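>
In the UniProt record's numbering, the protein residues as written are 1 to 127.
(1) With 16 as the cutoff for other CB atoms within 10 Å, does residue 89 come out buried or exposed?
(2) Can you tell me the Cβ-Cβ gap for residue 53 and residue 81, rounded? I've got them flagged as a contact below 8 Å.
(3) Cutting at 6 Å between CB atoms, please list the residues of its own chain near residue 34, excluding the five before and the five after it.
(4) Using the Cα positions of residue 127 and residue 121, report the straight-line distance between them to the nearest angstrom.
(5) In whole angstroms, what is the alpha-carbon distance linking residue 77 and residue 51?
(6) Round the Cβ separation of residue 101 and residue 71 to the nearest angstrom and send it over; I've been treating them as touching at under 8 Å.
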């Protein structure tokens, strides 16, 4: 747990430094938000993790094309948080968004698309 706290501190410091020199919607900020979100998720603080994942998605939506695979990744991450929180209907919506975007950006038999589909099936079976 102590290592996660150190990682979070370093990621948050990197984010603050980046915010001073980058535009509000620079794609690099999304990476920082995702990293911080992951640390909170791993620590079990789902609401904080979700908040950072949503910030990352917002940056990506403003800075990337609508069919970019990073948007699918963000939706999948958000879905995983909702799933961990037991909110299977919101998880399903996020996983569906991930699939819709991935279908426009990666080959149809790509393993990541299969992964997104299996996530959706898993939460549909739990609802």
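Idealized CB from N, CA, C, for every residue including glycine. Computed from a predicted structure; not experimentally measured.
So, to answer that:
(1) So residue 89 counts as exposed.
(2) At roughly 6 Å, the Cβ-Cβ gap stays under 8 Å, so residue 53 and residue 81 are in contact.
(3) Same-chain partners within the cutoff: 56.
(4) Computed Cα separation, rounded: 10 Å.
(5) Each residue's alpha carbon lies about 11 Å from the other.
(6) The beta-carbon distance between residue 101 and residue 71, rounded to whole angstroms, is 5 Å. This is short enough to meet the 8 Å contact definition.
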